[in-house]
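S.K.: Input: one structure, supplied below.
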Amino acid sequence: MRRRLYYLLPDIPAARAMLDELLLARIEERRIHFMAREGALPDDLPGCGFALKTDFVHGAQLGIVMGAIVGFLVGFALALTEPYGLEVPTGTMLLMALGGALFGAWASGMNGCAIPNKKLEQYTDRVQQGQVLMMVDVPVRRVREIEDMIAQRHPNFSFAGEEPPLLAFP
116 MRRRLYYLLP DIPAARAMLD ELLLARIEER RIHFMAREGA LPDDLPGCGF ALKTDFVHGA
176 QLGIVMGAIV GFLVGFALAL TEPYGLEVPT GTMLLMALGG ALFGAWASGM NGCAIPNKKL
236 EQYTDRVQQG QVLMMVDVPV RRVREIEDMI AQRHPNFSFA GEEPPLLAFP
């Protein structure tokens with residue numbers, strides 16, 4: 116499991132230095148993300164991907180749950196009512212739940228693409244002022260080590276928060 120740590124860095128050179136230090140601390144580059152003003156982030160720094168900038172993941176998760184519930188209920192209703200005298204096998208309820216989950220993930224995920232990530236919204240003003248937001252996913256057992264390293268080497272970096280544990284798979 117991992118935790119996402121947020122830090123506000125003063126500028127791009129500070130972000131480069133922090134990237135180098137995290138790489139030396141054996142944090143994989145794919146676990147480090149930076150967000151800066153539009154067009155300000157150079158190509159050599161890993162930026163925020165589509166899934167981080169939008170509410171796509173949250174929307175898809177919500178769609179899976181709601182779609183599975185609705186699909187299961189529709190399948191259950193079909194099994195109870197036997198429309199036009201057709202017997203509906205019990206497995207149909209599960210297939211309807213799976214279909215509902217897939218459709219819900221797709222539809223809700225597409226809606227989430229149009230919405231900015233709520234977690235990053237609080238940092239927008241400071242990023243627009245020229246600061247750089249760094250997000251780093253750290254193994255839970257190394258959170259204190261990384262926080263202490265950053266605090267000792269860069270006391271001017273603002274700790275901006277920590278998310279609950281993330282799932283182990285990418």
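The sequence shown begins at 116 in the working numbering and counts up by one. Note that CB positions come from ideal geometry on N, CA and C, so glycine has one too. These numbers come from a predicted model, not from an experiment.
1) Mind checking whether R152 and G245 have CB atoms under 8 Å apart?
2) Go ahead and label P285 buried or exposed: buried means 16 or more other beta carbons lie within 10 angstroms of its beta carbon, across all protein chains shown.
3) In its own chain, which residues sit with a C-beta less than 8 Å from the C-beta of A275, not counting the 5 before and 5 after it?
4) Could you tell me the distance, in whole angstroms, from the CA atom of T169 to the CA atom of G162?
5) Judging by CA-CA distance, which residue of V258, E202, H148 and M181 is the nearest neighbour of W221?
6) Please report the straight-line C-alpha distance between G178 and Q267, rounded to a whole angstrom.
M.R.: Let me spell this out:
1) yes
2) In this prediction, P285 scores a pLDDT of 49, lower than 50, which makes its location untrustworthy; the coordinate-derived value is nonetheless stated afterwards. Exposed.
3) The answer, listed in chain order, is Y121, Y122, L123, Y238 and L248.
4) Rounded to the nearest angstrom, the two C-alpha atoms are 13 Å apart.
5) Among V258, E202, H148 and M181, the Cα nearest to that of W221 is on M181.
6) 43 Å
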